[in-house]
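**Student:** Quick note, the sequence shown lines up with residues 0 to 506 if you use the working numbering.
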Amino acid sequence: MTRVVSLFLPTWPTDRVRRMLGDAAPPPETPLVLVGREGRRREILAADAAAQRAGLRIGMAASKAQALVRDLVMRDAEPDADLAALDRLALWALRRYSPIVAANPPDGLVIEATGATHLHGGETAMLADMVARLKAAGLSARAAMADTWGAAHALARFAAQPTLVVPAGESAAAIMSLPIAALRLPATTVDSLRRLGLDHIGDLERTPRAPLALRFGSDIGRRLDQAMRRLSEPIDPIRPAEIAEVRRQFPEPISAAETIARYIAKLVSELCILLEARGQGARRLDLLCHRVDARMVAVRVGTALPVRDARRLTRLLTDKIETIDPGFGIELMRLAATIAEPLDAKQIISDLAAPPEADISDLIDTLSNRIGGERLYRIVPLQSDVPERSVARASPASPDAGASWSGSWPRPVRLLASPEPIETVALLPDHPPVTFVWRGMRRRVRRADGPERIFEEWWRSDAELDAVRDYFRVEDEQGERFWIYRAGDGEHGETGSQRWYLHGIFG
Numbered sequence: 000m001t002r003v004v005s006l007f008l009p010t011w012p013t014d015r016v017r018r019m020l021g022d023a024a025p026p027p028e029t030p031l032v033l034v035g036r037e038g039r040r041r042e043i044l045a046a047d048a049a050a051q052r053a054g055l056r057i058g059m060a061a062s063k064a065q066a067l068v069r070d071l072v073m074r075d076a077e078p079d080a081d082l083a084a085l086d087r088l089a090l091w092a093l094r095r096y097s098p099i100v101a102a103n104p105p106d107g108l109v110i111e112a113t114g115a116t117h118l119h120g121g122e123t124a125m126l127a128d129m130v131a132r133l134k135a136a137g138l139s140a141r142a143a144m145a146d147t148w149g150a151a152h153a154l155a156r157f158a159a160q161p162t163l164v165v166p167a168g169e170s171a172a173a174i175m176s177l178p179i180a181a182l183r184l185p186a187t188t189v190d191s192l193r194r195l196g197l198d199h200i201g202d203l204e205r206t207p208r209a210p211l212a213l214r215f216g217s218d219i220g221r222r223l224d225q226a227m228r229r230l231s232e233p234i235d236p237i238r239p240a241e242i243a244e245v246r247r248q249f250p251e252p253i254s255a256a257e258t259i260a261r262y263i264a265k266l267v268s269e270l271c272i273l274l275e276a277r278g279q280g281a282r283r284l285d286l287l288c289h290r291v292d293a294r295m296v297a298v299r300v301g302t303a304l305p306v307r308d309a310r311r312l313t314r315l316l317t318d319k320i321e322t323i324d325p326g327f328g329i330e331l332m333r334l335a336a337t338i339a340e341p342l343d344a345k346q347i348i349s350d351l352a353a354p355p356e357a358d359i360s361d362l363i364d365t366l367s368n369r370i371g372g373e374r375l376y377r378i379v380p381l382q383s384d385v386p387e388r389s390v391a392r393a394s395p396a397s398p399d400a401g402a403s404w405s406g407s408w409p410r411p412v413r414l415l416a417s418p419e420p421i422e423t424v425a426l427l428p429d430h431p432p433v434t435f436v437w438r439g440m441r442r443r444v445r446r447a448d449g450p451e452r453i454f455e456e457w458w459r460s461d462a463e464l465d466a467v468r469d470y471f472r473v474e475d476e477q478g479e480r481f482w483i484y485r486a487g488d489g490e491h492g493e494t495g496s497q498r499w500y501l502h503g504i505f506g
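Below, the structure is given as structure tokens:
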């Protein structure tokens with residue numbers, strides 16, 4: 000079933016202005032409005048959250064707003080700049096979330112997320128990530144996911160939740176109680192319907208269609224059918240001008256999996272020729288299949304490194320061919336390298352040269368496209384003596400940088416996510432425990448080595464200024480080996496709590 004995301008930016012124009020001004024922007028608690036001329040009258044065209052809390056509304060005269068709010072910041076509105084910035088935001092969402100993204104002026108985006116949510120941890124996680132990233136960039140946002148553009152649009156704007164995911168098949172029921180303004184109807188039509196006592200979408204759904212069409216035209220029925228999934232509403236995705244793209248129009252619609260696979264291979268070959276001419280390799284491919292019923296099916300694959308090997312890219316796409324529902328047939332296929340990076344030609348290795356390192360990027364690409372790239376990582380060393388800060392997760396194909404692994408590794412093969420407290424019997428200040436209790440099991444120590452004193456990083460916080468840890472490698476009577484430490488030097492309270500913790504397990 001189709002899944003559509005509507006991203007609503009309630010204060011988009013003022014948020015854009017604040018980002019443009021940077022450090023010169025007024026504080027968030029200072030009301031900001033954007034004004035423009037409506038005939039001879041200057042009125043508010045956009046108001047931020049602080050201005051709305053102060054009682055200012057869109058359409059209010061600028062002179063009245065200045066009289067009501069003494070510290071009001073007023074700037075000229077720039078609708079063209081708002082639209083251009085919205086297109087740039089759509090391109091960001093295109094590269095990050097889905098191959099089908101379009102701007103939904105004046106204050107939102109629409110994203111078809113069918114088949115893309117698993118790459119972001121699921122539907123709920125995808126919306127949460129989207130809203131969190133925009134919030135970090137200074138943009139207020141709400142997002143809703145439903146079966147149709149109309150339903151998602153209505154819920155994002157009128158459900159008043161930061162994120163909302165409506166289960167598949169339940170979108171119609173979810174919007175019944177929303178006001179009729181949620182259907183994207185003209186304001187004059189909404190006012191007329193309210194005077195007739197039709198306040199909610201459910202009221203319209205229960206009203207005979209013919210009298211409404213006779214009085215108001217076809218808009219009401221069309222918007223209602225689109226929201227209820229009785230009428231399709233295709234999304235025309237945005238495409239950057241410089242994108243590498245090839246397409247194939249079919250004289251007769253195709254639907255067989257073998258035929259689709261054959262044309263995928265042809266499109267990939269054409270795209271690789273285009274990329275080679277540009278000196279680029281693809282990092283992400285989007286295959287868009289336009290069906291005869293005006294619906295669109297998208298397939299997205301990514302690579303860890305720039306690639307223009309036609310066979311490899313074809314295999315990544317055909318691995319997902321079962322996700323392509325051709326319906327009554329596909330009449331147009333488009334293949335685009337949504338993300339492309341420079342790729343130099345590789346020198347052929349001489350037989351006399353040392354064998355090259357094994358290339359596992361193909362394996363990385365296959366796994367990433369099946370289970371999601373965020374689930375695939377490798378551990379890299381960092382320059383830190385504090386154990387939990389000495390390693391970090393990195394992309395499997397990222398180049399090595401910074402610290403290198405030690406030739407002799409005295410650390411345990413398994414480091415716990417956070418040290419776990421243990422109960423011990425030990426002599427102070429420098430002796431290891433005689434026994435300790437971890438996770439309800441008492442263990443008697445047979446051998447021990449230590450202490451190894453590690454000083455914490457005093458420059459991070461005052462709490463770490465004098466803090467030390469004394470680590471011991473211990474072995475119990477069953478032969479299991481653990482890495483434990485005492486927080487402190489065993490004598491001075493300012494060095495730590497003197498409590499014991501288990502931090503790692505040796506293989």
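Each residue gets a CB set at the ideal place from its N, CA and C atoms; glycine is no exception.
Please read these numbers as outputs of a predicted model, since none were measured by experiment.
Could you give the DSSP three-state label for residue 170: helix, strand or coil?
**Tutor:** DSSP places residue 170 in helix when its eight states are reduced to three.
**Student:** Please identify the residue among 373, 82, 107, 121 whose C-alpha is closest to the C-alpha of residue 392.
**Tutor:** The option with the nearest alpha carbon to residue 392 is 373.
**Student:** Is residue 272 helix, strand or coil by DSSP?
**Tutor:** Helix.
**Student:** In three-state DSSP terms, what is residue 298?
**Tutor:** DSSP places residue 298 in strand when its eight states are reduced to three.
**Student:** Could you check whether residue 444 and residue 475 sit closer than 8 Å to each other, using their CB atoms as the reference points?
**Tutor:** Yes, the pair counts as a contact, with Cβ atoms nearer than the cut-off.
**Student:** What is the rounded straight-line gap between the Cα of residue 35 and the Cα of residue 359?
**Tutor:** Cα to Cα, residue 35 sits roughly 57 Å from residue 359.
**Student:** When DSSP builds the beta bridges, which residues end up paired with residue 440?
**Tutor:** For residue 440, which the question treats as bridged, DSSP gives the partners 437.
**Student:** Closer than 6 Å by C-beta to residue 454: which residues in its own chain qualify, once you throw out the five before and the five after it? Chain order, please.
**Tutor:** Excluding residues within five positions, the ones whose Cβ falls inside 6 Å are 467.
**Student:** State buried or exposed for residue 26, treating a residue as buried only when at least 16 other CB atoms are found within 10 Å of its CB.
**Tutor:** Result: exposed.
**Student:** Suppose the cutoff is 6 Å on Cβ atoms and the five residues either side in sequence are ignored; what does the same chain contact list for residue 309 look like?
**Tutor:** For residue 309, where only same-chain residues beyond five positions count, the Cβ hits under 6 Å are 267, 268, 271.
**Student:** What do you get for residue 499, buried or exposed, if any count of 16 or more other CB atoms within 10 angstroms of its CB means buried?
**Tutor:** It counts as buried.
**Student:** Does residue 248 come out as helix, strand or coil in the three-state DSSP assignment?
**Tutor:** Residue 248: strand per DSSP, three-state reduction.
**Student:** Return helix, strand or coil for residue 470, following the three-state DSSP convention.
**Tutor:** Reduced to three states, the DSSP call for residue 470 is strand.
**Student:** To test your reading of the DSSP string, which unbroken beta strand (DSSP E) runs of 3 or more residues are found completely within the region 191–269?
**Tutor:** Fully enclosed beta strand (DSSP E) runs of 3 or longer: 243–253.
**Student:** Straight-line CA distance for residue 98 to residue 40?
**Tutor:** Cα to Cα, residue 98 sits roughly 43 Å from residue 40.
**Student:** How far does the beta strand (DSSP E) with residue 491 in it reach, from first residue to last?
**Tutor:** From DSSP, residue 491 is part of no beta strand (DSSP E); its letter is neither H nor E.
**Student:** Return the residue from the list 243, 415, 93, 369 that minimises the CA-CA distance to residue 388.
**Tutor:** Of the listed residues, the one whose Cα sits closest to residue 388 is 415.
**Student:** Only counting the same chain, and skipping five residues up and downstream in sequence, which positions put a Cβ closer than 6 Å to that of residue 447?
**Tutor:** If we look at residue 447 and ignore the five residues flanking it on each side, its Cβ neighbours are 431, 471, 473.
**Student:** Can the beta-carbon of residue 139 be found less than 8 Å from the beta-carbon of residue 48?
**Tutor:** Against a cut-off of 8 Å, the Cβ pair of residue 48 and residue 139 comes out as a contact.
**Student:** Can you tell me the Cβ-Cβ gap for residue 291 and residue 330, rounded? I've got them flagged as a contact below 8 Å.
**Tutor:** Rounded, the Cβ-Cβ distance is 5 Å, consistent with contact.
**Student:** Determine, using beta-carbon pairs with one atom in the region 55–74 and one in the region 85–92, whether at least three such pairs fall under 8 Å.
**Tutor:** Because the criterion of three Cβ pairs below 8 Å is not met, the region 55–74 and the region 85–92 do not touch.
**Student:** Please work out which residues of its chain come closer than 8 Å, Cβ to Cβ, to residue 404, disregarding the five sequence neighbours upstream and downstream, and give them in chain order.
**Tutor:** Around residue 404: 380.
**Student:** Using DSSP with H/G/I as helix, E/B as strand and the rest coil, what is residue 157?
**Tutor:** Three-state DSSP puts residue 157 in a helix.
**Student:** Can you tell me where the alpha helix (DSSP H) holding residue 125 begins and where it ends?
**Tutor:** Residue 125 -> alpha helix (DSSP H) spans 122–135.
**Student:** I want to see whether chain D comes within less than 8 Å of residue 209, judged by CB atoms only; does it?
**Tutor:** Of the protein chains in this structure there is only one, and it is not chain D.
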